[in-house]
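Remarks on the structure that follows.
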Amino acid sequence: MARATYALTLAFLITAGWSANHFASVLVLLRRDHDVSAVLANSAYGIYAVGLFPSLLIGGWVADRFGSRPAVVAGTVIAAAGNVYLMLGIPGHGLLLGRFIVGLGVGLVVSAGTAWAGRLRGASGATAAGIALTTGFMLGPVSSGVVAHLAADAVKVPFVVPIVMAVGVMVASIRMRDDGAPAVTQTAEARPAHSEAKALATAVPMGIWVFASITTAMVVLAGRTDFAIGAAFMPGVAAVLGFSVALAVQALARRGQWGPRAGVVGALGAAGGMALIAVGGAQPSAAVFLAATALLGLAYGLCLREGLLDVDEYTPPEKRGRVIGLYYVATYIGFGISPLIAWITPRVGPSLPFAVFAVLAACSALIRSAQIRRGCLVRGVVGG
Numbered sequence: 387m388a389r390a391t392y393a394l395t396l397a398f399l400i401t402a403g404w405s406a407n408h409f410a411s412v413l414v415l416l417r418r419d420h421d422v423s424a425v426l427a428n429s430a431y432g433i434y435a436v437g438l439f440p441s442l443l444i445g446g447w448v449a450d451r452f453g454s455r456p457a458v459v460a461g462t463v464i465a466a467a468g469n470v471y472l473m474l475g476i477p478g479h480g481l482l483l484g485r486f487i488v489g490l491g492v493g494l495v496v497s498a499g500t501a502w503a504g505r506l507r508g509a510s511g512a513t514a515a516g517i518a519l520t521t522g523f524m525l526g527p528v529s530s531g532v533v534a535h536l537a538a539d540a541v542k543v544p545f546v547v548p549i550v551m552a553v554g555v556m557v558a559s560i561r562m563r564d565d566g567a568p569a570v571t572q573t574a575e576a577r578p579a580h581s582e583a584k585a586l587a588t589a590v591p592m593g594i595w596v597f598a599s600i601t602t603a604m605v606v607l608a609g610r611t612d613f614a615i616g617a618a619f620m621p622g623v624a625a626v627l628g629f630s631v632a633l634a635v636q637a638l639a640r641r642g643q644w645g646p647r648a649g650v651v652g653a654l655g656a657a658g659g660m661a662l663i664a665v666g667g668a669q670p671s672a673a674v675f676l677a678a679t680a681l682l683g684l685a686y687g688l689c690l691r692e693g694l695l696d697v698d699e700y701t702p703p704e705k706r707g708r709v710i711g712l713y714y715v716a717t718y719i720g721f722g723i724s725p726l727i728a729w730i731t732p733r734v735g736p737s738l739p740f741a742v743f744a745v746l747a748a749c750s751a752l753i754r755s756a757q758i759r760r761g762c763l764v765r766g767v768v769g770g
């Protein structure tokens, strides 16, 4: 039963990632076919993070106090309701509200679901939760791009898939128990220096580049690039490439038990990707698009993994859900990049913001290097 519960927990996380990110392909169609402004479209993509922030914290708190299942199921219902609202209302004025509702639901699933997976399988469960989310984030935009290309109503029909997925996992969960008592990994038990502050001090410099990286590739960079395959497919292309690289490096890191220096590589990947976008300007070449997307995918994968492992290693077990929620709040700050770029580019040009981001990402790499060198970031071999 515990194995089935674990598998279904990962299915909930895949569904959450899909529900959140499939909108990236719809966003392009809204701008192209429905006269939605770039600022409004990018704000609709990013406002979902505003809904996420409180629900990430609530989901983590509920997981610590009452178990993860109530928050995960409730979050899936709320996210599905948001997608139903968007399907019925697009491209009307409810665009922002619908995405906000989706964010409320996804946040509950992400924090409580990650805590659940970690409780069932320790550090390997926490990293598997990140891989499950990544899978949903990758497949959602690809599915929406394909469905939009084939369907008569290219904007509304893509919402059907995540709605059906949500119904499926909720039906499958009817007999599911909240298996797994709050537990710690062997590494965590052996290490006395546990605190929320230490967990966040090591994890947050990684977390801020998770969605900042992949959102930049899928929304900003894809929006500046239009190959022969058409603009509607560009977010999907960026998703496949970026998330494929992310999944590959996450799997390699898990198999090879890479240490904390993998986070330095992740932050440097973010710096390199941002620098390439700065060089590419308003109309990046195919080479810049591919190279920058690959680097940003690497940054997403390694920064997400390293942050989750830091949280698993240093958080007191009774506070793990809450700290996971705080960590994910830091990651989702990156969703503010797309509306920020849409607003600031007419004022400072297309390159300067990304040059600044490249410098900031390099600073995160330096911070992590200093933490490792001073001995305050030392993890055991479990998961890490």
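Residue numbers (the numbering used here): 387 to 770. Where a beta carbon is used, it is the ideal one built from N, C-alpha and C, also for glycine.
Helix, strand or coil at residue 651 [DSSP, three-state]: If DSSP states are grouped into helix, strand and coil, residue 651 belongs with the helices.
Proximity to residue 636 [Cα-Cα], best of 510, 398 and 488: That would be 510, whose Cα lies nearest to the Cα of residue 636.
Short Cβ contact (8 Å threshold) for residue 516 with residue 760: In this structure, residue 516 lies away from residue 760, with their beta-carbon atoms at least 8 Å apart.
Span separating the alpha-carbon of residue 507 from that of residue 495: Looking at the two C-alpha atoms, the distance is approximately 17 Å.
Cα-Cα separation, residue 493 to residue 623: Roughly 26 Å separates the two Cα atoms.
Buried versus exposed call for residue 581 [16 or more other C-beta atoms within 10 Å across all chains shown]: Residue 581 should be labelled exposed.
Whole-angstrom distance between residue 512 and residue 504, CA atom to CA atom: So the two alpha carbons sit approximately 4 Å from each other.
Any chain D beta carbon closer than 8 Å to residue 492: The question asks about chain D, but that chain is absent: this structure has only one protein chain.
Span separating the alpha-carbon of residue 469 from that of residue 415: Each residue's alpha carbon lies about 16 Å from the other.
Own chain, CB closer than 6 Å to residue 403, minus 5 neighbours either side, in chain order: If you ignore the 5 residues before and after residue 403, its C-beta comes within less than 6 Å of the C-beta of 519, 522 and 523, all in its own chain and listed in chain order.
Whole-angstrom C-beta distance between residue 711 and residue 446, which should lie under 8 Å: With 8 Å as the limit, residue 446 and residue 711 qualify as a contact, their Cβ atoms being about 3 Å apart.
Beta-carbon proximity list for residue 433, same chain, < 6 Å, skipping 5 on both sides: If we look at residue 433 and ignore the five residues flanking it on each side, its Cβ neighbours are 482, 485 and 486.
DSSP three-state assignment for residue 701, whether helix, strand or coil: In the displayed model, residue 701 falls within coil according to three-state DSSP, outside both helix and strand.
Length of the line joining the Cα atoms of residue 357 and residue 627: Because the chain in this structure spans residues 387 to 770, residue 357 falls outside the shown range and cannot be described.
Nearest-angstrom Cα separation, counted from residue 410 out to residue 499: Near 23 Å, if we compare the C-alpha coordinates of residue 410 and residue 499.
Among 752, 717 and 501, nearest to residue 452 - alpha-carbon criterion: When the alpha-carbon of residue 452 is set against those of 752, 717 and 501, the nearest one is in 501.
Span of the alpha helix (DSSP H) around residue 732: In the DSSP assignment, residue 732 falls within the unbroken alpha helix (DSSP H) covering 723-734.
Residues of its chain near residue 460, where Cβ-Cβ distance is below 7 Å and the 5 sequence neighbours each way are ignored: So the qualifying residues of the chain are 494.
Contact set for residue 475: own chain, Cβ-Cβ below 8 Å, skip 5 residues either direction: Hits under 8 Å: 481 and 484.
Same chain, Cβ closer than 6 Å to residue 685, five either side skipped, listed in chain order: Once the five neighbours on either side are set aside, the close Cβ partners of residue 685 are 595, 599, 652, 655 and 656.
Own chain, CB closer than 8 Å to residue 534, minus 5 neighbours either side, in chain order: Within the same chain, Cβ atoms closer than 8 Å to the Cβ of residue 534 are found at 411, 412, 415, 540, 541, 543, 544 and 618, the five residues on either side in sequence being excluded.
Span of the alpha helix (DSSP H) around residue 584: Unbroken alpha helix (DSSP H) run through residue 584: 582-593.
Beta-carbon proximity check, residue 424 vs residue 707, cutoff 8 Å: No. Outside cutoff.
Beta carbon of residue 491 nearer than 8 Å to that of residue 462: The beta carbons of residue 491 and residue 462 sit closer together than 8 Å.
CB of residue 659 within 8 Å of CB of residue 672, strictly: Not closer than 8 Å, so no.
Nearest residue (CA-CA) to residue 771, options 729, 740 and 683: In this structure the chain extends from 387 to 770, so residue 771 is not present and cannot be described.
Neighbourhood of residue 590 by C-beta distance below 6 Å, restricted to the same chain and skipping five residues each side: Excluding the 5 residues flanking it on each side, residue 590 has same chain C-beta neighbours closer than 6 Å at 716, in chain order.
Pick from 750, 748, 746 and 528 that is closest to residue 406, judged by C-alpha positions: For the residues 750, 748, 746 and 528, the minimum Cα distance to residue 406 belongs to 528.
Residue 730 burial status per 10 Å Cβ neighbour count (16 or more: buried): Classification of residue 730: exposed, given that the 10 Å Cβ count is below 16.
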